[in-house]
Amino acid sequence: MSTVETVAAEPRAATAAATTAVCCTVRDVVKSYRVGRGAKATEVRANDGISLEIRRGEVFGLLGPNGAGKSTLVRQLTGLLRPDSGSIEILGHDIVRHPDRAARLLAYLGQESTALDELTVHLAIETTARLRGLSAAAARTATADVVDELALGPIAGRPLARLSGGQRRLACFGAALAGPRPLLVLDEPTTGMDPVARRAVWSAVDRRRRADGATVLLVTHNVIEAETVLDRVAVVDEGRIIACDTPGGLKAMVDGSVRLDLVWRDEAPTNLPLVAALAGRASVSGRRWTVRTDPDEARELVAEVTRGPAFAALDDFSLSTPSLEDVYLLLGGRHEGLEK
Amino acid sequence: MSTTVFDQAQPLAPRAALLPSLGAVYRAQLSRARVARIPLLFVATFQSIGILVMMRGVVGAHDTEAARDVVAGSAVLVVAFVALNLFAQYFGRLRATGGLDHYATLPVPPASVVLGTAGAYASFTVPGTLVTAAVGCAMFQLPWVHVWILLAVIPLAGAALAGVGAALGLLAPRQEIATLLGQLGMSAALLLGVLPASHMPEAIRWLRDLLPSTYGVEAFARTFTARPDWALVTADLAVCAVVSVLSLALATWAYRKAATRA
Numbered sequence: 001m002s003t004v005e006t007v008a009a010e011p012r013a014a015t016a017a018a019t020t021a022v023c024c025t026v027r028d029v030v031k032s033y034r035v036g037r038g039a040k041a042t043e044v045r046a047n048d049g050i051s052l053e054i055r056r057g058e059v060f061g062l063l064g065p066n067g068a069g070k071s072t073l074v075r076q077l078t079g080l081l082r083p084d085s086g087s088i089e090i091l092g093h094d095i096v097r098h099p100d101r102a103a104r105l106l107a108y109l110g111q112e113s114t115a116l117d118e119l120t121v122h123l124a125i126e127t128t129a130r131l132r133g134l135s136a137a138a139a140r141t142a143t144a145d146v147v148d149e150l151a152l153g154p155i156a157g158r159p160l161a162r163l164s165g166g167q168r169r170l171a172c173f174g175a176a177l178a179g180p181r182p183l184l185v186l187d188e189p190t191t192g193m194d195p196v197a198r199r200a201v202w203s204a205v206d207r208r209r210r211a212d213g214a215t216v217l218l219v220t221h222n223v224i225e226a227e228t229v230l231d232r233v234a235v236v237d238e239g240r241i242i243a244c245d246t247p248g249g250l251k252a253m254v255d256g257s258v259r260l261d262l263v264w265r266d267e268a269p270t271n272l273p274l275v276a277a278l279a280g281r282a283s284v285s286g287r288r289w290t291v292r293t294d295p296d297e298a299r300e301l302v303a304e305v306t307r308g309p310a311f312a313a314l315d316d317f318s319l320s321t322p323s324l325e326d327v328y329l330l331l332g333g334r335h336e337g338l339e340k
Numbered sequence: 341m342s343t344t345v346f347d348q349a350q351p352l353a354p355r356a357a358l359l360p361s362l363g364a365v366y367r368a369q370l371s372r373a374r375v376a377r378i379p380l381l382f383v384a385t386f387q388s389i390g391i392l393v394m395m396r397g398v399v400g401a402h403d404t405e406a407a408r409d410v411v412a413g414s415a416v417l418v419v420a421f422v423a424l425n426l427f428a429q430y431f432g433r434l435r436a437t438g439g440l441d442h443y444a445t446l447p448v449p450p451a452s453v454v455l456g457t458a459g460a461y462a463s464f465t466v467p468g469t470l471v472t473a474a475v476g477c478a479m480f481q482l483p484w485v486h487v488w489i490l491l492a493v494i495p496l497a498g499a500a501l502a503g504v505g506a507a508l509g510l511l512a513p514r515q516e517i518a519t520l521l522g523q524l525g526m527s528a529a530l531l532l533g534v535l536p537a538s539h540m541p542e543a544i545r546w547l548r549d550l551l552p553s554t555y556g557v558e559a560f561a562r563t564f565t566a567r568p569d570w571a572l573v574t575a576d577l578a579v580c581a582v583v584s585v586l587s588l589a590l591a592t593w594a595y596r597k598a599a600t601r602a
């Protein structure tokens, strides 16, 4: 009897310890859509049994090409969609049962800005702060702070619809920051932004993490961004998570291999034995051939293609260490859709 | 176990209260007028004045039932154009483009969003309605001592029509259908509101009685007589008020449904 009690008590203690460190737990989430009408309708599984755990205070990323199911997952986390099955818990709250609680736990930056388009940047941020529950005075202060932090001053009086894509995105990001929240969910926040604006976004994210211990869930299809800003990343493909680790940990999976890119002037000189041998292994995209190999062979290949007739046919070449894109390909992800 | 989880759960941030967030939505929506709505208000006003000019060709001046209906109907048409047609389009677009997500991921009561937006749209119509009423009174030589009644007619008829407009926009399966329904509603308000009821067949008159704007038109039309029957005016406005409550409740329900389409 006492043994049974001990066994039962242990997982409970483990859960208690885990809930303090875990921000968000997703278990076996399935979400399907119907596409088309009537007899032609087909069912698409946007999320096919997704499980993941986001720790408090980390910047967690969902990386994958367009249509992989990232946004669908995020819409379920934010209470906008109800999963067909599975559970979602955010900071100790069951979001599947109480989707309305999501709005009181997290700030969400979606991909669309139509609700704010005709407002000035200043009013868009202030109104969002008010609707996030701040008093008039607190909303004014929060707006001034955000405008200052993101250097939105020069465009604060202009309507969002009249701004460039990147500026509009930055203004919407500002609206997401107005009013404190322990979790920020950002769906491709830096789309269309110039490097200065991108830097402003990542500094603001980092500040919230360090000062308030905020957790950030970031959706991206940009590989460089994923490698530089994320603590951990889940690679999503066709509705499933195919890997989840730190960017370094993921890259260690393809450790020891390098990538050789060859760009031919026009047709590849396949009459040369070396090039003909490579043809079978390279992934070809137009004039560009990409070969994955170990550093020693790569060195030999470079030496060979940079002399004689092969070099004459070569337009450009590069040798690089593996990126998350290579990990993605190694794991069997589709080639298209990731941004380098 | 559930108590344990509750103890460790992050305390929820407060909700936005109904009235402050209604005010914030109202203020934001009103500011949109500067950007996008002014040209449309000109359209709404010119359209109604155009109808007055056209009807002046067939309806004589002075205190006839037809003249009263034409002037009152044209003035309330401005409200119908903005509150029903533009409102249906606005919410249809917001829903189709994912703009509703912005509101749905903020802890704001649905009623604040719907009422704040409806209030702003009704406010847009005030100048156009007053101008149309003034031009109509001048053209048909009607007394304008009681034009102030519009200050009651606009919010009540506006709210009733805006609720219907919002529900059409939010429930229509596609954005184009929302636009189409808004347009149809406005055409109904035009035909059934401007033309004198006594000239209509029985069936059409029933249809007219179903349209919320009719009661606004009638309340306004009654005030043109030498001695208005204030009891009937109040009764008409009361119908408007009841329909407003119902249609805004419908719109709030539609918003909830559209925002969390699960």
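Sequence lines, in order, name chains A and B.
As numbered in the numbering used here, residues 1 to 340 make up the first sequence, in order.
As numbered in the numbering used here, residues 341 to 602 make up the second sequence, in order.
C-beta: ideal position from N, C-alpha, C; glycine also.
How would you write the range of the beta strand (DSSP E) that A/Lys31 sits in, first residue to last? Start at 1 with the first residue of the first sequence, and residue 31 of chain A comes out as number 31. Element bounds for A/Lys31: 22–35.
What do you get for A/Val35, buried or exposed, if any count of 16 or more other CB atoms within 10 angstroms of its CB means buried? The residue given as residue 35 of chain A occupies position 35 in the first sequence. By the neighbour-count rule (16 or more Cβ atoms within 10 Å), A/Val35 is not buried but exposed.
If the criterion is Cβ atoms closer than 7 angstroms, does the pair A/Thr220 and A/Leu106 meet it? Numbered from 1 along the first sequence, position 220 holds the residue referred to as residue 220 of chain A. Numbered from 1 along the first sequence, position 106 holds the residue referred to as residue 106 of chain A. For A/Thr220 and A/Leu106, no; Cβs fall outside 7 angstroms.
Using 7 angstroms as the limit for Cβ to Cβ distance, is A/Phe317 near chain B? If you number the first sequence from 1, residue 317 of chain A lands on position 317. Taking Cβ atoms only, chain B never reaches closer than 7 angstroms to A/Phe317, which makes this a no.
Using a Cβ-Cβ cut-off of 7 angstroms (strictly less than) and excluding sequence neighbours within five positions of B/Arg548, which residues of its own chain qualify? Residue mapping note: residue 548 of chain B aligns to position 208 of the second sequence, counting from 1. Within the same chain, B/Arg548 has close Cβ partners Leu532, Ala537, Met540, Thr554.
Please list the partners that A/Gly110 has in chain B, where partner means a Cβ-to-Cβ separation under 8 angstroms. Taking the first sequence and counting its residues from 1, one reaches residue 110 of chain A at position 110. The answer, in chain order, is Gly438, Asp441, His442, Thr445.
Starting from B/Trp484 and walking both ways along the beta strand (DSSP E), at which residues does that stretch end? Reading the second sequence from its first residue, position 144 is the one you call residue 484 of chain B. No beta strand (DSSP E) holds B/Trp484; DSSP gives it neither H nor E.
Touch check for the segment 249–263 of chain A and the segment 287–295 of chain A: three-plus C-beta pairs under 8 angstroms? yes
Taking Cβ to Cβ, would you say A/Arg130 is nearer than 7 angstroms to B/Ala364? On the first sequence, residue 130 of chain A is found 130 positions in, with the first residue counted as 1. On the second sequence, residue 364 of chain B is found 24 positions in, with the first residue counted as 1. Taking 7 angstroms as the Cβ cut-off, A/Arg130 and B/Ala364 qualify as a contacting pair.
Look at the Cβ atom of A/Gly57, then the Cβ atom of A/Thr215, and state whether they are nearer than 7 angstroms. Residue mapping note: residue 57 of chain A aligns to position 57 of the first sequence, counting from 1. Residue mapping note: residue 215 of chain A aligns to position 215 of the first sequence, counting from 1. Yes. Within cutoff.
My output table needs one value for A/Glu325: the three-state DSSP class, helix, strand or coil. By one-based count along the first sequence, residue 325 of chain A stands at place 325. Three-state DSSP puts A/Glu325 in a helix.
Please classify A/Trp264: is it buried, with 16 or more other beta-carbons within 10 angstroms of its beta-carbon, or exposed? Numbered from its first residue, the first sequence carries residue 264 of chain A at position 264. A/Trp264 is buried by the Cβ-count criterion.
Span of the beta strand (DSSP E) holding A/Thr293? Within the first sequence, the letter at position 293 stands for residue 293 of chain A. Per DSSP, A/Thr293 belongs to the beta strand (DSSP E) from 288–293.
Rounding to the nearest angstrom, what Cα-Cα distance links B/Leu370 and B/Ser463 in this structure? Position 30 of the second sequence, counting from 1, holds the residue named residue 370 of chain B. Position 123 of the second sequence, counting from 1, holds the residue named residue 463 of chain B. Roughly 8 angstroms between the two C-alpha positions.
In the DSSP assignment, what residue or residues form a beta bridge with A/Val59? Mapped onto the first sequence, residue 59 of chain A falls at position 59. According to DSSP, A/Val59 bridges with A/Val216.
Rounded to the nearest angstrom, what separates A/Ala312 and A/Ala279 at their Cα positions? Locating residue 312 of chain A in the first sequence gives position 312, where the first residue counts as 1. Locating residue 279 of chain A in the first sequence gives position 279, where the first residue counts as 1. Computed Cα separation, rounded: 18 angstroms.
Below-7 angstroms beta-carbon distance, A/Arg101 vs any chain B residue: Here residue 101 of chain A corresponds to residue number 101 of the first sequence, with the count starting at 1. Chain B, which has a Cβ nearer than 7 angstroms to the Cβ of A/Arg101, makes this yes.
Relative to the C-alpha of A/Ala151, which residue among A/Arg140, A/Val121, A/Arg209 is closest? Mapped onto the first sequence, residue 151 of chain A falls at position 151. Nearest option by C-alpha distance: A/Val121.
Could you have a look at B/Gly533 and say whether DSSP puts it in helix, strand or coil? Taking the second sequence and counting its residues from 1, the one referred to as residue 533 of chain B is at position 193. Three-state DSSP puts B/Gly533 in a helix.
Limits of the unbroken alpha helix (DSSP H) element including B/Arg596: Residue 596 of chain B sits at position 256 when you count from the first residue of the second sequence. Taken as a continuous stretch (DSSP letters only), the alpha helix (DSSP H) holding B/Arg596 covers 570–599.
Would you say B/Val448 reaches chain A, if we count a Cβ-Cβ gap shorter than 7 angstroms as a contact? Residue numbering aside, residue 448 of chain B sits at position 108 when the second sequence is read from its first letter. By this cut-off, B/Val448 is an interface position.
Alpha helix (DSSP H) runs wholly inside the segment 171–203 of chain A, at least 4 long, in chain order: none
What does DSSP give as the partner residue(s) for A/Ala107 in the beta ladder? Within the first sequence, numbered from 1, the residue matching residue 107 of chain A stands at position 107. Beta-bridge pairing links A/Ala107 to A/Leu184.
Excluding the 5 residues flanking A/Gly166 on each side, which residues of the same chain have their C-beta closer than 7 angstroms to its C-beta? Position 166 of the first sequence, counted from the start, is the residue given in the question as residue 166 of chain A. Same-chain partners within the cutoff: Gly192, Met193, Asp194, Ala197.
With DSSP collapsed to three states, give me the class of A/Arg240. In the first sequence, counting from the first residue as 1, residue 240 of chain A sits at position 240. In this structure, A/Arg240 counts as strand in the three-state DSSP scheme.
Taking just the CA atoms, how far does B/Tyr366 sit from B/Leu357? Residue numbering aside, residue 357 of chain B sits at position 17 when the second sequence is read from its first letter. Residue numbering aside, residue 366 of chain B sits at position 26 when the second sequence is read from its first letter. Position check: residue 357 of chain B holds Ala in this sequence, whereas Leu was assumed. In a straight line, the C-alpha of B/Ala357 is about 14 angstroms away from that of B/Tyr366.
Starting from A/Gly86, follow the beta strand (DSSP E) in both directions and report where the run begins and ends. What you label residue 86 of chain A is simply residue 86 of the first sequence in a count that begins at 1. Run containing A/Gly86: 85–90, per the beta strand (DSSP E) assignment.
Would A/Ala124 and A/Leu116 be called neighbours here (beta carbons separated by less than 7 angstroms)? Stepping through the first sequence from its first residue, residue 124 of chain A is reached at position 124. Stepping through the first sequence from its first residue, residue 116 of chain A is reached at position 116. Yes; because the gap between Cβ atoms is below 7 angstroms, this pair is in contact.
State yes or no: is the beta carbon of A/Gly57 nearer than 7 angstroms to at least one beta carbon in chain B? Start at 1 with the first residue of the first sequence, and residue 57 of chain A comes out as number 57. Chain B, which has no Cβ nearer than 7 angstroms to the Cβ of A/Gly57, makes this no.
How about A/Leu93: is its C-beta nearer than 7 angstroms to some C-beta of chain B? As a working note, residue 93 of chain A is residue 93 in the first sequence. As written in the sequence, residue 93 of chain A is His, which differs from the Leu given in the question. So, interface residue.
Going straight from the alpha carbon of A/Arg281 to that of A/Val275, what length do you get? Your numbering for residue 281 of chain A matches position 281 in the first sequence. Your numbering for residue 275 of chain A matches position 275 in the first sequence. Going from the Cα of A/Arg281 to the Cα of A/Val275 covers about 10 angstroms.
With distances taken from CA atoms, which of A/Cys24, A/Arg45, A/Val22 is nearest A/Tyr33? If you number the first sequence from 1, residue 33 of chain A lands on position 33. The option with the nearest alpha carbon to A/Tyr33 is A/Arg45.
Pair within 7 angstroms by beta-carbon distance, A/Asp231 and A/Val59: On the first sequence, position 231 is the one that residue 231 of chain A refers to. On the first sequence, position 59 is the one that residue 59 of chain A refers to. Yes, these two residues count as a Cβ contact at 7 angstroms.
For A/Thr228, name the three-state secondary structure that DSSP assigns. Along the first sequence, one-based indexing puts residue 228 of chain A at 228. Three-state DSSP puts A/Thr228 in a helix.
Of the listed residues A/Met253, A/Leu319, A/Ala137, A/Pro189, nearest to B/Pro360 (C-alpha basis): Translated into the one-based positions of the second sequence, residue 360 of chain B becomes position 20. Checked all of A/Met253, A/Leu319, A/Ala137, A/Pro189; the closest Cα to B/Pro360 is A/Ala137.
Which residues does DSSP list as the beta-bridge partners of B/His539? Here residue 539 of chain B refers to the residue found at position 199 when the second sequence is read from its first residue. Note: B/His539 sits in no beta bridge, so no partner.
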